[in-house]
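Take the sequence shown: its letter number 46 is residue 45 in numbering that gives the first Met the number 0, and every next letter is one higher.
From the three backbone atoms N, C-alpha and C, an ideal C-beta is built for every residue, glycine too.
Heads up, the thing below is written out as structure tokens.
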Amino acid sequence: MHMVYLYFRNQFKASKNGLRQLILIHIFSFLLLFLFETGCYICGCKDYFLWLYRQLTFPSLYPLLLQRPWTIITYSFIHKGFIDLFWDIFILYIFAQKIPAITRSKHILRLYGLGQIVGAIVFGMLYHFSPPFKGMATDLTGPSAAIYAIMVAVCVSMPNLRLYCFFFSLPLRYIALALLLIALIHLPTQYAGAYLAQLGGALVGYVYGKLCKNDMQNQSFFSTNAHGIHRTYMSVKVTKQ
């Protein structure tokens with residue numbers, strides 16, 4: 000047990016382990032909730048679990064949100080089952096491991112946080128302003144909005160990246176486009192809130208990716224010019240000699 004504690008402590012002390020930290024938090028929160036739910040079920044007090052679940056998921060009604068504002072952060076670490084957890088971590092890993100190529104590793108947490116917050120805000124606005132959904136009581140769970148932010152940011156800043164799997168490779172932007180298309184198709188359904196949250200996260204990723212791409216181009220421009228100036232200076236120096 001002490002070794003497990005040391006492992007977790009080392010992972011969270013390291014400044015460049017943003018992706019690993021996110022994955023560990025997701026796994027740890029899922030296991031804790033699963034064990035608590037199992038214990039409540041065995042003891043015949045499942046209402047306690049339902050109460051805790053509601054305290055962690057993001058509500059669609061603003062009066063409830065005012066009672067539990069922390070849910071704008073906690074909701075993204077709540078999973079409805081092991082399959083959801085697996086796919087969320089899988090997609091997060093595929094795209095987030097590319098983040099250090101466009102910006103600093105620690106920015107994974109920043110982009111993740113921006114995506115989940117904007118996704119929650121868009122979700123709440125739908126159930127507050129849209130006539131078909133206004134006043135409906137539901138909850139938002141899972142990291143989809145945050146994952147879409149990371150996914151789109153990577154695809155916008157580096158559109159030619161490919162996923163290599165067994166005997167074929169697939170451009171990551173095609174995976175992103177397919178997932179975005181699925182979200183758009185589901186907007187006219189009862190699950191519109193969750194898919195609109197994903198698109199809100201995607202918007203964050205698009206803006207973030209554009210900024211990173213411009214920054215990368217500026218760095219390339221300045222480094223190229225600096226190299227050219229250095230070569231010119233050296234040639235002039237040699238000529239003088």
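Relative to the alpha-carbon of glycine 123, which residue among Ile26, Ala191, Leu21 and Gly204 has its alpha-carbon at the smallest distance? Taking the first residue of the sequence shown as position 1, residue 123 is located at position 124. Residue Ala191 is the option with its Cα nearest to glycine 123.
CA-to-CA distance, asparagine 16 to tryptophan 50, given in whole angstroms: Position 51 of the sequence shown, counted from the start, is the residue given in the question as residue 50. Position 17 of the sequence shown, counted from the start, is the residue given in the question as residue 16. Tryptophan 50 and asparagine 16 have their C-alpha atoms spaced approximately 33 Å apart.
Proximal residues to leucine 113 (C-beta, below 6 Å), its chain only, five neighbours per side dropped: Your numbering for residue 113 matches position 114 in the sequence shown. Contacts found: Val203.
Mark cysteine 42 as exposed unless 16 or more other C-beta atoms lie within 10 angstroms of its C-beta, in which case mark it buried. Residue 42 sits at position 43 when you count from the first residue of the sequence shown. Classified as exposed, cysteine 42 has fewer than 16 neighbouring CB atoms from the shown chains inside 10 Å of its CB.
Secondary structure, beta strand (DSSP E): runs of 3+ residues fully inside the stretch 128-189: You should have 161-164 and 167-170.
Are the Cβ atoms of aspartate 138 and threonine 73 separated by less than 9 Å? Against the sequence shown, residue 138 aligns to sequence position 139. Against the sequence shown, residue 73 aligns to sequence position 74. With contacts defined by Cβ atoms closer than 9 Å, aspartate 138 and threonine 73 do not form a contacting pair.
Which one or two residues does DSSP pair with phenylalanine 57 in a beta bridge? Counting from one through the sequence shown, the residue named residue 57 turns up at place 58. Paired residues: Leu139.
What distance in whole Å lies between the Cβ atoms of leucine 18 and alanine 95, which are believed to be in contact at a cut-off of 8 Å? By one-based count along the sequence shown, residue 95 stands at place 96. By one-based count along the sequence shown, residue 18 stands at place 19. At roughly 5 Å, the Cβ-Cβ gap stays under 8 Å, so alanine 95 and leucine 18 are in contact.
For serine 219 and leucine 65, what's the separation of their Cα atoms in angstroms? One-based indexing of the sequence shown puts residue 219 at position 220. One-based indexing of the sequence shown puts residue 65 at position 66. Note that serine 219 scores 48 on pLDDT, short of 50, meaning its location in the model is unreliable and no value can be drawn from it.
Assuming tyrosine 111 contacts alanine 145 (C-beta within less than 8 Å), just tell me the rounded distance between them. Residue numbering aside, residue 111 sits at position 112 when the sequence shown is read from its first letter. Residue numbering aside, residue 145 sits at position 146 when the sequence shown is read from its first letter. Sure, about 4 Å apart at Cβ, within 8 Å.
Lysine 79 vs glycine 118 beta-carbon contact at 9 Å: Within the sequence shown, numbered from 1, the residue matching residue 79 stands at position 80. Within the sequence shown, numbered from 1, the residue matching residue 118 stands at position 119. Not closer than 9 Å, so no.
Got a sec? Which residues, its chain only, sit under 8 Å from glycine 208 by beta carbon, not counting five neighbours each side? Numbered from 1 along the sequence shown, position 209 holds the residue referred to as residue 208. Only Ile101, Val151, Ala152, Val153, Cys154, Val155 and Ser156 meet the Cβ criterion.
When you compare only the Cα positions, how much space is there between glutamine 189 and leucine 84? As a working mapping, residue 189 is identified with position 190 in the sequence shown. As a working mapping, residue 84 is identified with position 85 in the sequence shown. The straight-line gap from Cα to Cα measures roughly 22 Å.
Report the three-state DSSP secondary structure of isoleucine 77 (helix, strand or coil). Taking the first residue of the sequence shown as position 1, residue 77 is located at position 78. Note: isoleucine 77 maps to coil in three-state DSSP.
Inter-residue CB distance, isoleucine 24 and phenylalanine 76 (contact presumed, cutoff 8 Å): Translated into the one-based positions of the sequence shown, residue 24 becomes position 25. Translated into the one-based positions of the sequence shown, residue 76 becomes position 77. That belief holds up - the Cβ atoms of isoleucine 24 and phenylalanine 76 are roughly 6 Å apart, short of 8 Å.
With isoleucine 149 and leucine 91 assumed to form a contact (beta carbons below 8 Å), what rounded beta-carbon distance in angstroms separates them? The residue labelled residue 149 in the question sits at position 150 within the sequence shown. The residue labelled residue 91 in the question sits at position 92 within the sequence shown. At roughly 7 Å, the Cβ-Cβ gap stays under 8 Å, so isoleucine 149 and leucine 91 are in contact.
Cβ-Cβ separation, phenylalanine 35 to phenylalanine 48 (assumed contact under 8 Å), whole Å: Taking the sequence shown and counting its residues from 1, one reaches residue 48 at position 49. Taking the sequence shown and counting its residues from 1, one reaches residue 35 at position 36. Yes, phenylalanine 48 and phenylalanine 35 are in contact; Cβ-Cβ is about 6 Å, under 8 Å.
Using 8 Å for Cβ pairs, my map puts isoleucine 107 next to isoleucine 116. What's the rounded Cβ distance? Here residue 107 refers to the residue found at position 108 when the sequence shown is read from its first residue. Here residue 116 refers to the residue found at position 117 when the sequence shown is read from its first residue. Actually they are not in contact, since the Cβ atoms of isoleucine 107 and isoleucine 116 sit about 15 Å apart, beyond 8 Å.
With a Cβ-Cβ cutoff of 9 Å, do leucine 183 and isoleucine 174 count as a contact? Here residue 183 refers to the residue found at position 184 of the sequence shown. Here residue 174 refers to the residue found at position 175 of the sequence shown. No, the pair does not count as a contact, with Cβ atoms beyond the cut-off.
In whole angstroms, what is the alpha-carbon distance linking tyrosine 126 and threonine 70? Within the sequence shown, residue 126 is the residue found at index 127, counting from 1. Within the sequence shown, residue 70 is the residue found at index 71, counting from 1. Threonine 70 has its alpha-carbon roughly 16 Å from the corresponding atom of tyrosine 126.
Do you know how far the Cα of isoleucine 82 is from the Cα of isoleucine 22? The sequence position of residue 22 within the sequence shown is 23, counting from 1. The sequence position of residue 82 within the sequence shown is 83, counting from 1. Going from the Cα of isoleucine 22 to the Cα of isoleucine 82 covers about 15 Å.
In or out: proline 58 buried (at least 16 other Cβ within 10 Å) or exposed? Position 59 of the sequence shown holds residue 58. Its Cβ being crowded by 16 or more others within 10 Å, proline 58 is buried.
Tell me whether arginine 109 sits in a helix, a strand or coil according to DSSP, three-state version. Counted from its first residue, the sequence shown places residue 109 at position 110. Reduced to three states, the DSSP call for arginine 109 is helix.
Excluding sequence positions up to five away, which residues of its chain have a Cβ less than 7 Å from the Cβ of tyrosine 194? The sequence position of residue 194 within the sequence shown is 195, counting from 1. Sequence-distant partners of tyrosine 194 (beyond 5 residues in either direction) whose C-beta falls short of 7 Å from its own C-beta, in its chain, are Ala182, His185 and Leu186.
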